[in-house]
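All remarks here apply to the structure that follows.
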Amino acid sequence: MAKFTCDIATPVAKCYTGEVHYVSVPGTEGEMGFLSGHVPLVSTLSDGVVRIQEDEGGSFKEFAVEGGYVQVSGTKVIILADKAEQR
Amino acid sequence: MPNLHDIEKRIKSVSSTKQITRTMEMVAGAKVKYATERIAVATPYAESMTEMLQGVAARVQASESPLLEKRSDVKRMLVVAVVSDRGLAGGFNSNVLRTVEKLIRAKKAQGVEVDVIACGKKAIGFFKYRKIEPVLDFKDLSADPTLEEANAIADYAVKAYEEGSIDEVVLVYNHAKNAAEQVLREEVILPVDTQAVMAAAADPAEAATDSVPAGLEFEPEPAEVLARLLPAYLRTSIYHALIDSAAGEQSARRSAMHSATENANEMVETLSRLYNRVRQGAITTEISEIVGGAAALED
Numbered sequence: 005m006a007k008f009t010c011d012i013a014t015p016v017a018k019c020y021t022g023e024v025h026y027v028s029v030p031g032t033e034g035e036m037g038f039l040s041g042h043v044p045l046v047s048t049l050s051d052g053v054v055r056i057q058e059d060e061g062g063s064f065k066e067f068a069v070e071g072g073y074v075q076v077s078g079t080k081v082i083i084l085a086d087k088a089e090q091r
Numbered sequence: 028m029p030n031l032h033d034i035e036k037r038i039k040s041v042s043s044t045k046q047i048t049r050t051m052e053m054v055a056g057a058k059v060k061y062a063t064e065r066i067a068v069a070t071p072y073a074e075s076m077t078e079m080l081q082g083v084a085a086r087v088q089a090s091e092s093p094l095l096e097k098r099s100d101v102k103r104m105l106v107v108a109v110v111s112d113r114g115l116a117g118g119f120n121s122n123v124l125r126t127v128e129k130l131i132r133a134k135k136a137q138g139v140e141v142d143v144i145a146c147g148k149k150a151i152g153f154f155k156y157r158k159i160e161p162v163l164d165f166k167d168l169s170a171d172p173t174l175e176e177a178n179a180i181a182d183y184a185v186k187a188y189e190e191g192s193i194d195e196v197v198l199v200y201n202h203a204k205n206a207a208e209q210v211l212r213e214e215v216i217l218p219v220d221t222q223a224v225m226a227a228a229a230d231p232a233e234a235a236t237d238s239v240p241a242g243l244e245f246e247p248e249p250a251e252v253l254a255r256l257l258p259a260y261l262r263t264s265i266y267h268a269l270i271d272s273a274a275g276e277q278s279a280r281r282s283a284m285h286s287a288t289e290n291a292n293e294m295v296e297t298l299s300r301l302y303n304r305v306r307q308g309a310i311t312t313e314i315s316e317i318v319g320g321a322a323a324l325e326d
């Protein structure tokens, strides 16, 4: 399946940027997962874990985020967080 | 005729001052690089934040958040003055402080009370001397602004604005336009002007408007997202202003020290010329005295 760009940015650093297959984020109203072509969306995030799968069926990269927001457009997912750290 | 020894002493003192200014120039030069890198790292976050806010702002009314509402009657305002902890940076500090002082005087004439937040020792000293007590002050952070500092300012401003004790918040700082030039900026950060946010985005990337299509979904409701996004946006703007000012400080110091070094060079040159002339004059006098003395003996 098609891939899309995903960025994780904090005020002090850009933690991650790359082409990914699947991203899941801890939304304030529950966990959300995005695949390519997801409907445009803006949401706030609660503190939790962002999981990124770069290839279909591949392993997950996990990032702990605090105080974040996510913006999804057709080809891009931007995750903004006050703090983020890879596990 | 000045004494030879005095001139020599002056040359020595100017040269040693030159050594100091040259070192400061080089140190500031190295710090400029570090400070510019920090801005580069923080920019993606700030840009995405602005872009996100645009998407949200386009879909909500100003009445949905108290932070967006412009108050017609401004009774008390807050000025955030961002300067450095140290001097020797040319007009860097005084530009900001003079602007703030002028602003305060103009507002007072209109019957508006003004509160001040001072960032940097120079600002604290300046306002204390003028018997203006800053509501918040930060020192020892101008070279390395922290997120905590920006958050503390933003939290104070948001709280006071929501309570209604403050009707407008203005940020005054130096923007590092490039390595050699700083531009004074005066920005109204509260109420958040959504029109300005939209306009600001129009020029850096038109793509921004395309990437926020009409069928945007919100989770939770737009107003709730906005309520969290706006303070974060404010924190980002303040943090950005702080690191921008830090970069400006270093480049201002570098150019100030550069011209100080050049002036010292020029001074040493003039003084050496004077020194040589005086020395030659003394030798000439001595020779003519000896010749005169010898001639007197022969007779």
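First to last, the protein sequences are chains A and B. Heads up, the first sequence is in my numbering, so the first residue is 5 and it goes up one at a time. Heads up, the second sequence is in my numbering, so the first residue is 28 and it goes up one at a time. No residue lacks a Cβ here, since even glycine has one placed at the ideal position from N, Cα and C.
Original post:
By Cβ distance below 7 Å, which residues in the same chain neighbour Ala-203/B in space, the five residues on each side in sequence not counted?
Top reply: In the second sequence, counting from the first residue as 1, residue 203/B sits at position 176. The residues are Gln-209, Asp-271, Ala-274, Gly-275, Ser-278.
Original post:
Along chain A, in chain order, which residues have C-beta atoms closer than 9 Å to that of Pro-258/B?
Top reply: Position 231 of the second sequence holds residue 258/B. Per Cβ cutoff of 9 Å: no residues; Pro-258/B is ~10 Å from chain A at best.
Original post:
Below 9 Å between beta carbons: does that hold for Met-79/B and Leu-217/B?
Top reply: On the second sequence, residue 79/B is found 52 positions in, with the first residue counted as 1. On the second sequence, residue 217/B is found 190 positions in, with the first residue counted as 1. No. Outside cutoff.
**OP:** Assign Ser-47/A to one of three DSSP states: helix, strand, or coil.
**Re:** Start at 1 with the first residue of the first sequence, and residue 47/A comes out as number 43. It is a strand residue.
**OP:** Could you check if Thr-221/B is buried or exposed, using at least 16 other CB atoms within 10 Å of its CB as the buried criterion?
**Re:** Along the second sequence, one-based indexing puts residue 221/B at 194. Looking at its Cβ environment, which holds 16 or more other Cβ atoms inside 10 Å, Thr-221/B is buried.
**OP:** With distances taken Cα to Cα, identify the nearest neighbour of Tyr-200/B among Ala-268/B, Ile-193/B, Asp-171/B.
**Re:** Here residue 200/B is taken as the residue at index 173 of the second sequence, counted from 1. Of Ala-268/B, Ile-193/B, Asp-171/B, the residue nearest in Cα terms is Ala-268/B.
**OP:** Go ahead and label Gly-118/B buried or exposed: buried means 16 or more other beta carbons lie within 10 angstroms of its beta carbon, across all protein chains shown.
**Re:** Your numbering for residue 118/B matches position 91 in the second sequence. Exposed is the call here.
Subject >> Sequence-distant residues of its chain with Cβ nearer than 7 Å to Glu-89/A (five each side left out) >> reply: For the purposes of this step, residue 89/A is taken as residue 85 along the first sequence, with counting starting at 1. Cβ neighbours of Glu-89/A beyond the five flanking positions: Phe-67, Ala-68.
Subject >> Sequence ranges, alpha helix (DSSP H) only - wholly within the region 86-154 of chain B, length at least 4 >> reply: 119-136
Original post:
By Cβ distance below 7 Å, which residues in the same chain neighbour Ser-282/B in space, the five residues on each side in sequence not counted?
Top reply: The residue labelled residue 282/B in the question sits at position 255 within the second sequence. Cβ within range, chain order: Gly-117, Ala-207.
Original post:
So what's His-32/B in DSSP terms, helix, strand or just coil?
Top reply: Taking the first residue of the second sequence as 1, we reach residue 32/B at position 5. Residue state, collapsed to three classes: helix.
Original post:
Counting Cβ pairs, one atom from each stretch, are 3 or more of them under 8 Å apart for the region 64-77 of chain B and the region 54-68 of chain A?
Top reply: no
**OP:** Just the C-alpha distance for Ala-181/B and Ala-133/B, rounded to the nearest angstrom, thanks.
**Re:** Taking the second sequence and counting its residues from 1, one reaches residue 181/B at position 154. Taking the second sequence and counting its residues from 1, one reaches residue 133/B at position 106. One C-alpha to the other measures close to 25 Å.
Subject >> Thr-21/A - containing beta strand (DSSP E), residue span >> reply: Here the question's residue 21/A lines up with position 17 in the first sequence. Counting along the chain, the beta strand (DSSP E) containing Thr-21/A begins and ends at 17-24.
**OP:** Give every residue of the same chain whose Cβ lies closer than 8 Å to the Cβ of Asp-112/B, excluding the five residues on either side of it in the sequence, and list them in chain order.
**Re:** Here residue 112/B refers to the residue found at position 85 when the second sequence is read from its first residue. For Asp-112/B, where only same-chain residues beyond five positions count, the Cβ hits under 8 Å are Gly-147, Lys-148, Lys-149, Lys-166, Asp-167, Leu-168, Ser-169, Ala-170.
**OP:** Assign Arg-157/B to one of three DSSP states: helix, strand, or coil.
**Re:** The residue labelled residue 157/B in the question sits at position 130 within the second sequence. Three-state DSSP puts Arg-157/B in coil, outside helix and strand.
Subject >> Glu-248/B (DSSP reduced to helix, strand or coil) >> reply: Taking the first residue of the second sequence as position 1, residue 248/B is located at position 221. In this structure, Glu-248/B counts as coil in the three-state DSSP scheme.
Subject >> Contact list for the region 152-179 of chain B against chain A, Cβ threshold 7 Å >> reply: Leu-174
Subject >> Contacts around Asp-51/A, its chain only, beta-carbon distance under 6 Å, and the 5 residues preceding and following it disregarded >> reply: Numbered from 1 along the first sequence, position 47 holds the residue referred to as residue 51/A. Closer than 6 Å at the Cβ level, and outside the excluded window around Asp-51/A, lie Glu-70.
Subject >> Near-chain A residues of the region 68-80 of chain B (beta-carbon distance less than 8 Å), N- to C-terminal order >> reply: Val-68, Ala-69, Pro-71, Tyr-72, Ala-73, Ser-75, Met-76, Glu-78, Met-79
Original post:
Which whole-angstrom value describes the C-beta separation of Ser-75/B and Ala-13/A, a residue pair presumed to lie in contact below a C-beta threshold of 8 Å?
Top reply: Locating residue 75/B in the second sequence gives position 48, counting from the first residue. Locating residue 13/A in the first sequence gives position 9, counting from the first residue. About 6 Å; that satisfies the 8 Å criterion.
Original post:
Are the C-beta of Leu-45/A and some C-beta of chain B separated by less than 9 Å?
Top reply: Counted from its first residue, the first sequence places residue 45/A at position 41. By this cut-off, Leu-45/A is an interface position.
**OP:** Spell out a yes or no on whether the region 34-49 of chain B and the region 286-306 of chain B are touching, meaning 3 or more CB-CB pairs, one atom from each, closer than 8 Å.
**Re:** yes
Original post:
Taking all protein chains shown into account, do 16 or more other C-beta atoms lie within 10 angstroms of the C-beta of Ala-232/B, making it buried, or fewer, making it exposed?
Top reply: The residue given as residue 232/B occupies position 205 in the second sequence. Confidence at Ala-232/B is low in this model, with a pLDDT of 44, below 50, so the placement of that residue is unreliable and no value is reported for it.
**OP:** Note down, one range per segment and in chain order, each alpha helix (DSSP H) of at least 4 residues found wholly within the region 59-90 of chain A.
**Re:** none
Original post:
For the alpha helix (DSSP H) that Lys-186/B lies in, which residues bound it at each end?
Top reply: Here residue 186/B refers to the residue found at position 159 of the second sequence. Here the alpha helix (DSSP H) through Lys-186/B covers 174-190.
**OP:** Please confirm if Ala-13/A has its CB atom under 9 Å from at least one CB of chain B.
**Re:** As a first step, residue 13/A is located in the first sequence; it is residue number 9 there, counting from the start. At least one chain B Cβ lies under 9 Å of Ala-13/A.
Subject >> Option nearest Ile-193/B by Cα separation, candidates Thr-126/B, Lys-102/B, Val-215/B, Thr-173/B >> reply: For this step, residue 193/B is matched to residue 166 along the second sequence. For Ile-193/B, the nearest C-alpha among the options comes from Lys-102/B.
Subject >> Whole-Å CB distance - Tyr-72/B paired with Pro-15/A, under 8 Å assumed >> reply: Here residue 72/B refers to the residue found at position 45 of the second sequence. Here residue 15/A refers to the residue found at position 11 of the first sequence. Confirmed, about 5 Å.
**OP:** For the beta strand (DSSP E) holding Glu-214/B, just list the boundary residues, first then last.
**Re:** As a working note, residue 214/B is residue 187 in the second sequence. Segment 208-217, the beta strand (DSSP E) holding Glu-214/B.
**OP:** Could you tell me whether the region 24-43 of chain A touches the region 73-84 of chain A, using the rule of 3 or more Cβ pairs below 8 Å?
**Re:** yes
**OP:** Anything in chain B within Cβ reach of Lys-7/A, meaning under 7 Å, just list it in chain order.
**Re:** Start at 1 with the first residue of the first sequence, and residue 7/A comes out as number 3. Residues of chain B passing the Cβ test: none, with the nearest at roughly 17 Å.
Subject >> Spatial neighbours of Val-139/B in its chain, beta-carbon cut-off 8 Å, leaving aside the 5 residues before and after >> reply: To locate residue 139/B, count along the second sequence from 1; it is residue 112. Closer than 8 Å at Cβ, skipping near neighbours: Val-101, Lys-102, Arg-103, Met-104.
Original post:
Which residues in the same chain have their Cβ closer than 6 Å to the Cβ of Ile-82/A, if we skip the five residues on either side of it in sequence?
Top reply: Along the first sequence, one-based indexing puts residue 82/A at 78. Within the same chain, Ile-82/A has close Cβ partners Asp-11, Gln-75.
Subject >> According to DSSP, residues forming a beta bridge with Ile-37/A >> reply: Mapped onto the first sequence, residue 37/A falls at position 33. Residue identity differs from the one stated: residue 37/A is Gly in this sequence, not Ile. Per DSSP, Ser-28/A.
Original post:
Which residue or residues does DSSP assign as beta-bridge partners of His-202/B?
Top reply: The sequence position of residue 202/B within the second sequence is 175, counting from 1. His-202/B pairs with Val-210/B.
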